[in-house]
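Trainee: From first to last, the protein sequence lines are chains A and B. With this note's numbering, you'll find the first sequence wraps up at 342, consecutive numbering, no jumps. With this note's numbering, you'll find the second sequence wraps up at 1342, consecutive numbering, no jumps. Backbone N, C-alpha and C define an ideal beta-carbon position, used for all residues, glycine too. Quick one: the structure is below, questions incoming.
Number of protein chains: 2
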Amino acid sequence: MSKQRQQQNFVHQVIGHHPESNPKLTAVKRSGKGIAPVNIALSKYWGKRDEVLNLPMNGSVSISLPGLGTETTIQIAQAGQDSVRLNGKLLEPSNPFVKRLSHFLNPFRTATVFFDVVTTNTVPTAAGLASSASGYAALVLALDDLFAWQLASQQLSLLARLGSGSASRSLFSGFSIWHMGRQADGMDSFAEPIDTPWPGLCVGLVKVDVAQKPISSTLGMQNTVNNCDLYQAWPKQAEKDMAKILQAIQQQDFNLLGQTAEHNALSMHATMMATWPPIVYWQPESVAAMQTVWQLREQGIAVYFTMDAGPNLKLLFPETEKPAIKQAFPELSIIEPFKTKR
Amino acid sequence: MSKQRQQQNFVHQVIGHHPESNPKLTAVKRSGKGIAPVNIALSKYWGKRDEVLNLPMNGSVSISLPGLGTETTIQIAQAGQDSVRLNGKLLEPSNPFVKRLSHFLNPFRTATVFFDVVTTNTVPTAAGLASSASGYAALVLALDDLFAWQLASQQLSLLARLGSGSASRSLFSGFSIWHMGRQADGMDSFAEPIDTPWPGLCVGLVKVDVAQKPISSTLGMQNTVNNCDLYQAWPKQAEKDMAKILQAIQQQDFNLLGQTAEHNALSMHATMMATWPPIVYWQPESVAAMQTVWQLREQGIAVYFTMDAGPNLKLLFPETEKPAIKQAFPELSIIEPFKTKR
Chain A
1 MSKQRQQQNF VHQVIGHHPE SNPKLTAVKR SGKGIAPVNI ALSKYWGKRD
51 EVLNLPMNGS VSISLPGLGT ETTIQIAQAG QDSVRLNGKL LEPSNPFVKR
101 LSHFLNPFRT ATVFFDVVTT NTVPTAAGLA SSASGYAALV LALDDLFAWQ
151 LASQQLSLLA RLGSGSASRS LFSGFSIWHM GRQADGMDSF AEPIDTPWPG
201 LCVGLVKVDV AQKPISSTLG MQNTVNNCDL YQAWPKQAEK DMAKILQAIQ
251 QQDFNLLGQT AEHNALSMHA TMMATWPPIV YWQPESVAAM QTVWQLREQG
301 IAVYFTMDAG PNLKLLFPET EKPAIKQAFP ELSIIEPFKT KR
Chain B
1001 MSKQRQQQNF VHQVIGHHPE SNPKLTAVKR SGKGIAPVNI ALSKYWGKRD
1051 EVLNLPMNGS VSISLPGLGT ETTIQIAQAG QDSVRLNGKL LEPSNPFVKR
1101 LSHFLNPFRT ATVFFDVVTT NTVPTAAGLA SSASGYAALV LALDDLFAWQ
1151 LASQQLSLLA RLGSGSASRS LFSGFSIWHM GRQADGMDSF AEPIDTPWPG
1201 LCVGLVKVDV AQKPISSTLG MQNTVNNCDL YQAWPKQAEK DMAKILQAIQ
1251 QQDFNLLGQT AEHNALSMHA TMMATWPPIV YWQPESVAAM QTVWQLREQG
1301 IAVYFTMDAG PNLKLLFPET EKPAIKQAFP ELSIIEPFKT KR
């Protein structure tokens, strides 16, 4: 079966479409709208067991950042091609961002239907956060609105996963867990919210300047899975770390949360570095920021970091440590996931 | 059996000492002298399967750097304690360097015998090279001279290994291979020279300034073995890399040598980073130097790096690339292992 066909079957299975007719693919409103937050994984997703359906090698747990994310509207186009406006700017049809988005939209239309998509990231560029997770989550919500599917969050998560694995976790506020699932059809690999708030928890965004990401995370994880001997031990560690993060959330044990998140992130980066050719997202400033975090911990300050497939650090700390951390990182953007409004 | 007793038995087995008498431990000359080079592992030693006898989890291959190393003389002391003069300076008996050296010397004497050791590193501090390998190799050569054992190089390597694992490889010029061995008594875990010169091969020393090493390599490898899930895949990779390095030497295949050495070093550092607490020897300047190496390679210049348990890079390149590399690293110390005199 072709990749496209496999994805189409998956989508139709989720939305309940019948191949003979397209009742689910008729726009009910003039336009659909969706808003979704970015999320930061506390135990990471790294490596796919199925590249067509975006099925992960391991489960992951994340925290959403309210106020930072993507807002998207979608409508049926009058023109004979998709159009995408990103942050107010109309993109060229040849832009890779447009191509990826059009590809994602294919299972949601027949051959003669095109879409106008207007998408705006409320993530300040300075924050150094990836927006593909919030982007695909917002797009799925916009589709659900346009077609009036009224899908349950589990179904929305399945669809968002197809756009970007981590998008499956961007439909919720607070903590989310993405179950790796076991089925070949991918129907059991979705995220759901963890209903435990942690009011005092803070996330700090340390921005490290970088000209260009050396390699996309999709390609990065593909290379790691194929060309890194150490990776074979990763899925088991990731599952173990996920269990610890869940325990930390239930017990509101900040040190367990921070230690596990930092260890998990460094282990993920370790698998990248041990790949050939090596994948090193770190910049000199990333190492300098880590050293500052470790010096703060030596001084008894409760602070840990996590990092995604990029050079930026995300700090985790309880609100009581805010003054000390602001002093060490004067340019830090601080987010309080359970206090800031969505 | 106590650790001390176990080491004593090992030493006596190597030098052929009989417990009833000490014919092998009678100084034959007034003083003994030894000289040994530092070595850089191309496929690394990381992790011990036996901490008392310094038996490694995996074999390793190195290249010695002629002209950089240690010169040591030893004689029987008149005073009732050991004395150690390092680089012209008499050290305090409480100095950890003296304690480690005295401990190493215990199996080579009876309770009433003490030694005066004068040791000088010909490694410029600016080179950023560890000297324990050349140090223990030179000390063993000095003991062999003092006691006139005339041991074969295999026996000398076994003894040097007891002082510092990598010292087993510092008795030879050119390439050396340290066989991991399989026996519990450690008698088959020694290094020997690889009799293949590579005249055009250059080693460049990139010095990264650092106040203090965050953790000794002994403790670093102990923590990695115990607290790093990814490490379980290391010994197999290390053996595979070693075979590739041997193949590269036999075929004088520079790219295979460089790629394998860089991948192996990054994988070793990956196991450190994936340990909890994390072990990160990298400094911001280490990452900057790596980026320069990768940029040079993108420009088609044949250069790779390796790193030991520290922040410094050691470059590997064929002599034809010298001009380009000197330009990118103006402060580089360049060594030609097969051209420089010992």
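What is the DSSP secondary structure of Tyr45 (chain A), reduced to helix, strand or coil?
Mentor: For the purposes of this step, residue 45 (chain A) is taken as residue 45 along the first sequence, with counting starting at 1. Three-state DSSP puts Tyr45 (chain A) in coil, outside helix and strand.
Trainee: Quick check on DSSP: helix, strand or coil for Asn226 (chain A)?
Mentor: Here residue 226 (chain A) refers to the residue found at position 226 of the first sequence. Of the three classes helix, strand and coil, the one that applies to Asn226 (chain A) here is helix, per DSSP.
Trainee: Between Ala1233 (chain B) and Gln232 (chain A), what straight-line distance do the alpha-carbon atoms span, to the nearest angstrom?
Mentor: By one-based count along the second sequence, residue 1233 (chain B) stands at place 233. By one-based count along the first sequence, residue 232 (chain A) stands at place 232. Distance between the alpha carbons of Ala1233 (chain B) and Gln232 (chain A) is about 7 Å.
Trainee: How about Leu162 (chain A) and Leu53 (chain A): do their beta carbons lie closer than 8 Å?
Mentor: The sequence position of residue 162 (chain A) within the first sequence is 162, counting from 1. The sequence position of residue 53 (chain A) within the first sequence is 53, counting from 1. Contact flag set, yes.
Trainee: Could you check the C-alpha separation between Ser168 (chain A) and Gly34 (chain A) for me, to the nearest Å?
Mentor: Your numbering for residue 168 (chain A) matches position 168 in the first sequence. Your numbering for residue 34 (chain A) matches position 34 in the first sequence. Going by the C-alpha atoms only, they are around 14 Å apart.
Trainee: Using a Cβ-Cβ distance cut-off of 8 Å, determine whether Gln1259 (chain B) contacts chain A.
Mentor: By 1-based counting over the second sequence, the position of residue 1259 (chain B) is 259. Closer than 8 Å to some Cβ of chain A, the Cβ of Gln1259 (chain B) qualifies, so yes.
Trainee: Closest Cβ-Cβ distance between Ser267 (chain A) and chain B: below 8 Å?
Mentor: Taking the first sequence and counting its residues from 1, one reaches residue 267 (chain A) at position 267. Closer than 8 Å to some Cβ of chain B, the Cβ of Ser267 (chain A) qualifies, so yes.
Trainee: What are the residues in the segment 270-289 of chain A lying within 9 Å of chain B by C-beta distance?
Mentor: Going along the segment 270-289 of chain A in chain order, one finds Ala270, Thr271, Met272, Met273, Ala274, Thr275, Trp276, Pro277, Pro278, Val280, Trp282, Gln283, Pro284, Glu285, Ser286, Val287, Ala288 with a Cβ nearer than 9 Å to chain B.
Trainee: For the beta strand (DSSP E) holding Leu953 (chain B), just list the boundary residues, first then last.
Mentor: No answer is possible for residue 953 (chain B): it lies beyond the span of chain B, which begins at 1001 and ends at 1342.
Trainee: Sort out for me which residues DSSP pairs Val203 (chain A) with in a bridge.
Mentor: One-based indexing of the first sequence puts residue 203 (chain A) at position 203. Beta-bridge pairing links Val203 (chain A) to A:Leu316, A:Ile335.
Trainee: Just how far apart, CA to CA, sit Ser1031 (chain B) and Asn312 (chain A)?
Mentor: Locating residue 1031 (chain B) in the second sequence gives position 31, where the first residue counts as 1. Locating residue 312 (chain A) in the first sequence gives position 312, where the first residue counts as 1. Cα to Cα, Ser1031 (chain B) sits roughly 58 Å from Asn312 (chain A).
Trainee: Hey, is the segment 1304-1311 of chain B in contact with the segment 1251-1268 of chain B, meaning 3+ C-beta pairs nearer than 8 Å?
Mentor: The answer is yes - the segment 1251-1268 of chain B touches the segment 1304-1311 of chain B, with three or more Cβ pairs under 8 Å.
Trainee: For Phe254 (chain A), which of helix, strand or coil comes out of DSSP?
Mentor: What you label residue 254 (chain A) is simply residue 254 of the first sequence in a count that begins at 1. In the structure shown, Phe254 (chain A) sits in a helix (DSSP, three-state: H, G or I).
Trainee: With H, G and I counted as helix, E and B as strand and the rest as coil, what does DSSP make of Leu1171 (chain B)?
Mentor: Counting from 1 along the second sequence, the entry for residue 1171 (chain B) is found at position 171. If DSSP states are grouped into helix, strand and coil, Leu1171 (chain B) belongs with coil.
Trainee: Give a yes or no on whether 8 Å exceeds the smallest Cβ distance from Gln299 (chain A) to chain B.
Mentor: In the first sequence, the residue the question calls residue 299 (chain A) occupies position 299. So no, Gln299 (chain A) is outside the interface.
Trainee: Which residue comes first and which comes last in the alpha helix (DSSP H) that contains Thr292 (chain A)?
Mentor: Within the first sequence, residue 292 (chain A) is the residue found at index 292, counting from 1. Start and end: 284-298.
Trainee: Shortest alpha-carbon distance to Ala1261 (chain B) belongs to which of B:Leu1316, B:Met1221, B:Val1280, B:Ala1288?
Mentor: Residue numbering aside, residue 1261 (chain B) sits at position 261 when the second sequence is read from its first letter. Ranking B:Leu1316, B:Met1221, B:Val1280, B:Ala1288 by Cα distance to Ala1261 (chain B) puts B:Leu1316 first.
Trainee: I need the boundaries of the beta strand (DSSP E) containing Asp145 (chain A), first residue and last residue.
Mentor: Position 145 of the first sequence, counted from the start, is the residue given in the question as residue 145 (chain A). Counting along the chain, Asp145 (chain A) falls outside any beta strand (DSSP E), though it belongs to the alpha helix (DSSP H) covering 132-146.
Trainee: What does Asp229 (chain A) touch in chain B if you count any residue whose Cβ is under 9 Å from its own?
Mentor: As a position in the first sequence, residue 229 (chain A) is number 229, starting the count at 1. Simply Ala1233, Trp1234, Lys1236, Gln1237, Lys1240, Ser1267.
Trainee: Please say whether Trp178 (chain A) and Gln252 (chain A) have beta carbons closer to each other than 8 Å?
Mentor: Against the first sequence, residue 252 (chain A) aligns to sequence position 252. Against the first sequence, residue 178 (chain A) aligns to sequence position 178. No, the Cβ-Cβ distance between Gln252 (chain A) and Trp178 (chain A) is not below 8 Å.
Trainee: Just curious, the alpha helix (DSSP H) that Val98 (chain A) is in, first and last residue?
Mentor: In the first sequence, counting from the first residue as 1, residue 98 (chain A) sits at position 98. Looking at the DSSP string, the run of the alpha helix (DSSP H) that includes Val98 (chain A) is 96-105.
Trainee: Just to confirm, are Gly69 (chain A) and Thr119 (chain A) a CB contact at a threshold of 8 Å?
Mentor: Reading the first sequence from its first residue, position 69 is the one you call residue 69 (chain A). Reading the first sequence from its first residue, position 119 is the one you call residue 119 (chain A). No, the pair does not count as a contact, with Cβ atoms beyond the cut-off.
Trainee: Report yes if the CB atom of Ser60 (chain A) is closer than 8 Å to the CB atom of Ala41 (chain A), and no otherwise.
Mentor: Here residue 60 (chain A) corresponds to residue number 60 of the first sequence, with the count starting at 1. Here residue 41 (chain A) corresponds to residue number 41 of the first sequence, with the count starting at 1. Yes, the pair counts as a contact, with Cβ atoms nearer than the cut-off.
Trainee: With burial defined as no fewer than 16 other Cβ atoms inside 10 Å of the residue's Cβ, what is the status of Gly1186 (chain B): buried or exposed?
Mentor: Working through the second sequence from its first residue, we reach residue 1186 (chain B) at position 186. Counting Cβ neighbours within 10 Å, Gly1186 (chain B) comes out buried, since at least 16 surround it.
Trainee: In angstroms with no decimal places, state the Cα-to-Cα distance between Leu156 (chain A) and Gln75 (chain A).
Mentor: By 1-based counting over the first sequence, the position of residue 156 (chain A) is 156. By 1-based counting over the first sequence, the position of residue 75 (chain A) is 75. Distance between the alpha carbons of Leu156 (chain A) and Gln75 (chain A): 18 Å.
Trainee: Let me check one thing: in DSSP terms, what residues is Asn264 (chain A) bridge-paired to?
Mentor: Position 264 of the first sequence, counted from the start, is the residue given in the question as residue 264 (chain A). Answer is none; Asn264 (chain A) lacks a bridge partner.
Trainee: Excluding the 5 residues flanking Lys314 (chain A) on each side, which residues of the same chain have their C-beta closer than 8 Å to its C-beta?
Mentor: Against the first sequence, residue 314 (chain A) aligns to sequence position 314. Answer for Lys314 (chain A): Ile40, Val203, Gly204, Leu205, Val206, Phe305, Thr306, Met307, Asp308, listed in chain order.
Trainee: Counting only Cβ pairs nearer than 8 Å, list the residues of chain A close to His1263 (chain B).
Mentor: Residue numbering aside, residue 1263 (chain B) sits at position 263 when the second sequence is read from its first letter. By Cβ distance, chain A contributes Ala274, Trp276, Pro278.
Trainee: Here's the rule I'm using: 16 or more other beta-carbon atoms within 10 Å means buried, otherwise exposed. How should Val28 (chain A) be labelled?
Mentor: The residue labelled residue 28 (chain A) in the question sits at position 28 within the first sequence. Answer is exposed; the Cβ neighbour count stays below 16.
Trainee: Can the beta-carbon of Lys3 (chain A) be found less than 8 Å from the beta-carbon of Ile15 (chain A)?
Mentor: Taking the first sequence and counting its residues from 1, the one referred to as residue 3 (chain A) is at position 3. Taking the first sequence and counting its residues from 1, the one referred to as residue 15 (chain A) is at position 15. Not in contact: Lys3 (chain A) and Ile15 (chain A) (Cβ atoms no closer than 8 Å).
Trainee: Just to confirm my understanding: we take Lys339 (chain A), look at its own chain, exclude 5 residues before and 5 after, and list those with CB closer than 7 Å. What are they?
Mentor: Working through the first sequence from its first residue, we reach residue 339 (chain A) at position 339. For Lys339 (chain A), where only same-chain residues beyond five positions count, the Cβ hits under 7 Å are Pro199.
Trainee: For Thr224 (chain A), count neighbouring Cβ atoms within 10 angstroms of its own Cβ and tell me buried if that reaches 16, exposed if not.
Mentor: Within the first sequence, residue 224 (chain A) is the residue found at index 224, counting from 1. Its Cβ being crowded by 16 or more others within 10 Å, Thr224 (chain A) is buried.
Trainee: Out of curiosity, what's the CA-to-CA distance linking Val113 (chain A) and Ala1248 (chain B)?
Mentor: The residue labelled residue 113 (chain A) in the question sits at position 113 within the first sequence. The residue labelled residue 1248 (chain B) in the question sits at position 248 within the second sequence. Approximately 57 Å between the Cα atoms of the pair.
Trainee: So, at 8 Å on beta carbons, what are the nonlocal neighbours of Lys48 (chain A) in its own chain, with the 5 sequence-adjacent residues on each side left out?
Mentor: Within the first sequence, numbered from 1, the residue matching residue 48 (chain A) stands at position 48. Excluding positions up to five away in sequence, the list reads Asn54, Leu55, Pro56, Met57, Gly165, Met221, Gln222, Val225.
Trainee: Could you spell out where the alpha helix (DSSP H) holding Gln6 (chain A) opens and where it closes?
Mentor: Position 6 of the first sequence holds residue 6 (chain A). Element bounds for Gln6 (chain A): 3-15.
Trainee: Check the DSSP bridge columns for Ile1035 (chain B) and list the partner residues they point to.
Mentor: Here residue 1035 (chain B) refers to the residue found at position 35 of the second sequence. B:Glu1071.
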